[in-house]
Amino acid sequence: MIFGFVGIKMLSSLFLPLPESPAGFEELKNSGSYFVDKTEYIKTVFTDSATVLLFTRPRRFGKTLLMTMFESFLKINKDKPFDTSLQEKYFKGTRILEDTEFCKKFMGQYPVIEISLKDVDGKTYDDAYKMFASTVSSVASKFKYLLDSNRLDEKEKGGISRISDIAFLREQENSDYLKNSLRILASALYREYGKYPVLLIDEYDVPLANASYHDTTNKKLYSNDKSFVADYHENMVTLIKGFFGILKDKNTLTRTVLTGCLKVAKNSLFTGVNNFSVNSVTDNERKYTGIIGFTKEETQKFLKDYELDDYATIVKEHYDGYRFFDKEMFCPWDVVKFVRKNFDFKQNRELQKIVAGNYWAGSTSDKSLSDYIGYLTDKDNQRMQDLIDGKSISFKLNESMNYDTLSEHNSDDFWSLLLHTGYLTVDFEKTDENELTKDSSSDKNIFARIPNLEIKECFTNNIQNRFNTEVVPNNIADTLANSLFEGKADTASDTIFELLQRYISIRDTATKAPFENYYHGFLNGLFSNCSKGFFSEYHSNCEAGDGYADIVFKSKREDKAVIIEIKAASAGADLITLSENAVAQIDRKNYAEPFVQSRMISSIYTYGIAFSGKNCFITCKKIK
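Per the numbering used here, the sequence shown starts with residue 25, numbered consecutively.
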């Protein structure tokens, strides 16, 4: 892969342009932007014994650029068939041109069909179908020049005309043309050039991911409508199966390369596809580990080229940590964004402004992930906490996972999803290599961890944001606080219990913090959603009496005060006694003393809140 972006003007001509946004290969080369030369992988891929290859990596790792590079290197010049002057221009100075024998055989020698499904989405199947049809029609239109060919018969030209007609293709009654569009193009290209084309499909699984998400959403939306049938995902699978049907045909394609995020079960989409190979983030095949993403060495050179190598440690902490078997990998999107953001600061000696921002947030799709929140077990909650604390967790890797089964909220599916979407990375130091070599039908017990600080922040914020969307609209935070001001322990307990069933809480403190902070962070996050100006004072870990109270807050008029002491225990603990001990601690350490002496405060309620898993019990004592 050549990795780079559309450029912006730099301060000095000594530096190549840096990115505004990701670009295709030829756009990158035309702009003269910085690139990382991975062109040797062209030979690795197109001499592989497998004729259908799928590469799965997290989004923002450069899969699209990889595919456009393949297309640029292989494609026949339609104006001058088999002339390679364009490839010689675009690939000048790259390593692949050093292999003259391979270039003679492959460079500019094949018709190429390249299609990206990353934009196929819609709230309904009908909307998604139209987007799919528009995408295919746009690709087919690139080959309308074949309508002037003397080698094609009228039937073949008619097929190209049909699939190039966006209005025609968007009508579902013409779905057979959409499903067979790749066959139509492949047949016409073979007739024209006497060579079976190369097929490149980027982000093949995005339509399935979106369909699954919308099905789940619609199930909730129409839960009271007995006539509603959630068939969006099923219909999309049927459509894509038909679209991919060409992969099962003999003597139709030279080679097919697909990229995606998930390794969708072979028996669902790729049944009958022969000579099929998958390379994922868990594979231990060295020849492909560095094909997508920046290696440590590439990242270091990139930083040095822009005089930011002094910040290599910061970049490593925030954007490194991924391991694709034998290689330490950085997310290219983050590294390039960091350089672009901070280059001017370094050149202007404004070093205090150089920061490692979070560029992952909002740049990736995690719809399926968010739907899991609230369905996990106490064991999973502890796994979540271990991850936040910098530990590795173990689980059974599900390599037969399909997007339609995600709605079942299986625990192993959740962790497998996090791994494939880039929220986790395999801990190869702890994972037995023999586990990774098992057949995909066997359980693979692996260890995984959060790769870096950026993802840790996204991890926690994703959960917090999901929580906020549920809390704020219903004024649950205000209701809870008011019940505590009034001494209504039962109401408060019921409210917290309901939230615990839907929210995975996380600690808001350091790795070695007491276990109570697991729930301390939960309550802090909850009360942060109270209406603006709801509290006159709010303190966490507040110095009071002879120690530190967990949470203390006063009403808007400063006439009421609440003191909370939090306790946590393992499953089966006596929560009543634990909460009573918490209230006793408030008394013993005089946490309420500052408020007792205040003439403004007319009522003081103290609460001991005991937690265990997703259960809680509250003991209340009014002391003024």
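Think of the CB as a built atom: it goes at the ideal place given N, C-alpha and C, for glycine as much as any other residue.
The beta carbon of Val-302 sits closer than 6 angstroms to the beta carbons of Leu-78, Lys-287 from its chain, once the five residues preceding and following it are set aside; these are given in chain order. Taking Asn-639 as reference, the option from Cys-566, Arg-612, Ile-587, Gln-525 with the minimal CA-CA separation is Gln-525.
Runs of the alpha helix (DSSP H) lying entirely within the stretch 213-262, each at least 4 residues long, are 230-245 in chain order. The DSSP assignment places complete alpha helix (DSSP H) segments of no fewer than 4 residues inside the stretch 580-642 at 599-612, 617-620, in order along the chain.
The beta carbon of Glu-604 lies closer than 8 angstroms to those of Gly-632, Thr-643 in the same chain, with the five residues before and after it left out. Of the other Cβ atoms in all chains shown, 16 or more fall within 10 Å of the Cβ of Val-60; this residue is therefore buried.
In this structure Ser-440 is buried. Its beta-carbon is surrounded by 16 or more other beta-carbon atoms within 10 angstroms. Here Glu-423 carries a coil assignment [DSSP, helix/strand/coil].
Straight-line spacing of the CA atoms in Leu-209 and Phe-483 works out to 43 angstroms. Out of Ile-378, Asn-382, Arg-373, the CA that lies nearest to the CA of Cys-355 is found in Asn-382. Judged by their CB atoms, Arg-473 and Leu-411 are nearer to each other than the 8 angstroms cut-off. One Cα belongs to Gly-86, the other to Glu-322, and the distance between them is close to 14 angstroms. Around the CB of Asn-476, 16 or more other CB atoms lie within 10 Å, so the residue is classed as buried.
The distance from the Cβ of Val-359 to that of Val-69 is about 24 angstroms, inconsistent with a contact at the 8 angstroms cut-off. Of the candidates Gln-133, Val-76, Ser-96, Lys-62, the residue whose Cα lies closest to the Cα of Arg-119 is Lys-62. The straight-line gap separating the alpha-carbon atoms of Ser-109 and Thr-337 is approximately 42 angstroms. Thr-124 is classed as exposed because its beta carbon has fewer than 16 other beta carbons within 10 Å across all chains shown.
Of all C-beta pairs linking the stretch 616-635 to the stretch 571-591, three or more are shorter than 8 angstroms, placing the two stretches in contact.
Ranked by Cα distance from Pro-221, the options Tyr-427, Ile-137, Ser-560 are led by Ile-137. Boundaries for Cys-355: no alpha helix (DSSP H) harbours it, and the DSSP string shows neither H nor E there. Counting C-beta pairs closer than 8 angstroms gives three or more between the stretch 155-163 and the stretch 139-146, which meets the contact rule. In the three-state DSSP reduction, Lys-578 falls in the strand class (E or B). Bounds of the alpha helix (DSSP H) holding Glu-51 are 49-55. Within the stretch 289-349, the beta strand (DSSP E) runs of at least 3 residues that lie entirely inside it are, in chain order, 300-303, 346-348.
Within the stretch 57-102, the complete beta strand (DSSP E) segments at least 3 residues long are 76-80, listed from N- to C-terminus. By the Cβ rule, the stretch 255-270 counts as touching the stretch 229-240, because three or more pairs are nearer than 8 angstroms.
According to DSSP, residue pairing for Ser-211 in a beta bridge does not occur.
Looking at the DSSP output, Tyr-153 bridges to nothing. At least 8 angstroms separates the beta-carbon of Val-230 from that of Thr-80. A distance below 8 angstroms separates the beta carbons of Thr-92 and Phe-49.
For Phe-559, no alpha helix (DSSP H) encloses it; the enclosing beta strand (DSSP E) starts and ends at 559-568.
About 16 angstroms separates the beta carbon of Ser-435 from that of Phe-471, a gap too long to meet the 8 angstroms contact definition. Counting along the chain, no alpha helix (DSSP H) covers Arg-194, and no H or E run does either. A Cβ-Cβ separation of about 6 angstroms places Phe-167 in contact with Ile-184 under the 8 angstroms criterion.
For Asp-514, the closest of Phe-641, Leu-599, Ser-173 by C-alpha to C-alpha distance is Phe-641.
Ala-501 carries a helical assignment under DSSP once its states are collapsed to helix, strand and coil.
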